[in-house]
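Working notes, structure below.
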Amino acid sequence: MLLRNEIKMLLLGAGESGKSTILKQMKLIHEGGYSADERDSFKEIIFSNTVQSMRVILEAMESMEIPLDDSRNEYHVQTVFMQPSQIEGESLSKEVGDAIRALWKDVGVQECFRRSREYQLNDSAQYYFDSIDRIAQPDYLPNDQDVLRSRVKTTGITETTFIIGELTYRMFDVGGQRSERKKWIHCFENVTTILFLVAISEYDQLLLEDETVNRMQEALTLFDSICNSRWFLKTSIILFLNKIDIFRDKLQASPLKNYFPDYDAGDDYNSACDYVLNRFVSLNQSEVKQIYTHFTCATDTTQIRFVMAAVNDIIIQTNLREGCPHTYTREFNLDYFIGWSTGGYTIVDGWLREELYSFQDLFFVFDLFGGNASGGIFLHLSYSLICLEISSHIHDHHSQRRF
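This is the structure:
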């Protein structure tokens, strides 16, 4: 049973869609980030991710018959293959660091990496390889990006609690692989909002657990079942079309049309985004349920901060229509309308700069709160300033942000 002012948010989506990364972002944004001890605890995960990613490439080179460009790197290949699947220790050995560095420069390894859609490679492989000089230092301590990009398969159910104003969010992350989905039903009761993540960059990849199934097709099937489930007839659904940075980079080299023949707009990024969005939103069979969508890069803390502020707005709007406690409105006014960011501009201005809302959307929200007595003096004092802000951005804020 949920307490007053408590939001139960369920993170759903296929494996490797970015759910756990969103949880880490919530800790960075709302819980003061990671302590030195907590960062230190990620070192072995990062070492393992780095070494295992190189092992995956080397194994793929064998099966794809791609030779090393420099035969002297064969010694480094053996070094990588001798490492255990889980790297332990306070630092990465010099021998392993040298091996990763040398192999990453090899032309054959680079060629195999460019064909990574043909096998299962961690999205963060290039990031860690490019950072090997820093990661291999004896006094290495992971930074925020290192932590965000670390990958451990989620099994079971992970709950994270954080507070925004007077609202307490209970966010549940459950494993996305097929074997984990039977556990989802245990989280379905009293769900306020579903945050469904899709890695849109995986349109040309196959499932880890079934290499006959396209990952995007799997995500579409899964979203269809959740969106139209009897469990969630009155539940807000927010769709994060995630990994847009990777999606943009691979469109030209791997045409979307090769995997979705009805797409005919070439490698144009915006057209491809529209196509994918429409494929998902069109699955909604309800005439009254609205799917709220955002294009996201879950490793971008600045963007996720703004997007989650917009998500908070959606939750409050929805609950207001259903007669939830007025404290939601008060907190929204205090924290999001007249709050100030570290950049020296208001949150509303930030939203507009980031194109998370159009000015029409914001006027709708203001009108909604303007008719609610609980809006209080804070809303009325800031209303004219907010309208002025919106007017100043009226010429170039007609759509959601796409990077």
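Convert by adding 26 to the 1-based position in the sequence shown; the result is the number in the working numbering.
Using N, Cα and C, we set each Cβ at its ideal position, and we do this for glycine too.
Taking the C-alpha atoms as reference points, what is the distance between residue i and residue j?
i      : j      : result
Ile33  : Phe188 : 10 Å
Lys260 : Leu246 : 21 Å
Thr219 : Gln243 : 24 Å
Phe306 : Pro164 : 47 Å
Ile330 : Gln316 : 21 Å
Glu192 : Asn31  : 7 Å
Asp96  : Glu85  : 17 Å
Ser52  : Glu100 : The amino acid occupying residue 52 in the given sequence is Met; Ser does not appear at that position. So the two alpha carbons sit approximately 43 Å from each other.
Leu94  : Cys323 : 33 Å
Ala151 : Asn75  : 7 Å
Tyr154 : Asp250 : 35 Å
Gln146 : Ser111 : 16 Å
Leu267 : Tyr285 : 18 Å
Phe273 : Ile226 : 6 Å
Met197 : Glu88  : 42 Å
Asp156 : Asn338 : 36 Å
Ile373 : Ile190 : Bear in mind that the predicted position of Ile373 carries a pLDDT of just 48, short of 50, making it unreliable; the figure below should be weighed with that in mind. Those two C-alpha atoms are separated by around 14 Å.
Ala433 : Ile270 : No answer is possible for residue 433: the residues shown for the chain start at 27 and end at 429.
Trp130 : Ile72  : 17 Å
Phe332 : Thr105 : 44 Å
Leu174 : Leu265 : 20 Å
Met108 : Glu121 : 11 Å
Assign residue i to one of three DSSP states: helix, strand, or coil.
i      : result
Tyr371 : Below a pLDDT of 50, predicted positions are generally treated as unreliable, and Tyr371, at 46, falls in that range; the measurement from the model is reported next regardless. Coil at Tyr371, not helix or strand.
Ala225 : strand
Lys315 : coil
Glu114 : coil
Leu414 : Reliability of the predicted coordinates at Leu414 is poor, the pLDDT of 47 falling under 50, and the value obtained from them is presented with this limitation in mind. Helix.
Ile220 : strand
Val200 : strand
Lys276 : helix
Ile33  : strand
Gly39  : strand
Thr181 : coil
Met431 : Nothing about residue 431 can be read from this structure; the chain reaches only from 27 to 429.
Ile92  : coil
Glu215 : coil
Lys120 : helix
Tyr301 : helix
Glu57  : coil
Arg134 : It should be pointed out that residue 134 corresponds to Gly in this sequence rather than to Arg. Here Gly134 sits in helix by DSSP.
Asp66  : helix
Ala128 : helix
Asn99  : helix
Gly44  : coil
Arg141 : coil
Phe286 : coil
Ala151 : helix
Sort the options by Cα distance to residue i and report the nearest one.
i      : options                        : result
Ser61  : Gly191, Val200, Ile270, Asp170 : Asp170
Glu42  : Gln136, Ile55, Leu232          : Leu232
Glu70  : Phe155, Leu118, Thr181         : Leu118
Ser312 : Phe155, Ile263, Phe332         : Ile263
Ser67  : Val133, Leu223, Glu114         : Glu114
Tyr195 : Ile341, Phe139, Met90, Ile92   : Ile341
Gln78  : Gly123, Ser46, Lys283, Glu215  : Gly123
Lys276 : Tyr295, Glu235, Asn240         : Tyr295
Ala279 : Leu223, Val333, Arg140         : Arg140
Val133 : Ile72, Ile92, Ser111, Lys120   : Ile92
Ile183 : Met334, Asp339, Val337, Leu36  : Leu36
Val200 : Glu215, Lys179, Ile190         : Lys179
Gly39  : Ala298, Val173, Val224, Phe321 : Val224
Asn304 : Arg127, Tyr318, Met108, Arg143 : Tyr318
Lys45  : Val217, Arg160, Thr186         : Thr186
Leu49  : Thr327, Ala336, Glu235         : Thr327
Pro287 : Tyr229, Phe332, Thr325, Met80  : Tyr229
Leu309 : Leu129, Ile252, Glu144         : Ile252
Glu144 : Ala336, Met334, Thr238         : Thr238
Gln136 : Glu235, Val82, Thr47           : Val82
Leu167 : Asn216, Arg65, Glu215, Asn254  : Arg65
Ile55  : Met334, Asn148, Ala298         : Met334
Residue i bridges to which residues according to DSSP?
i      : result
His320 : Phe266
Leu49  : In the DSSP output, where bridge partners are listed per residue, Leu49 has none listed.
Asn240 : Leu232
Thr187 : Arg196
Can a CB atom of chain D be found closer than 9 Å to the CB of residue i?
i      : result
Arg141 : This model lacks chain D altogether; it includes just one protein chain.
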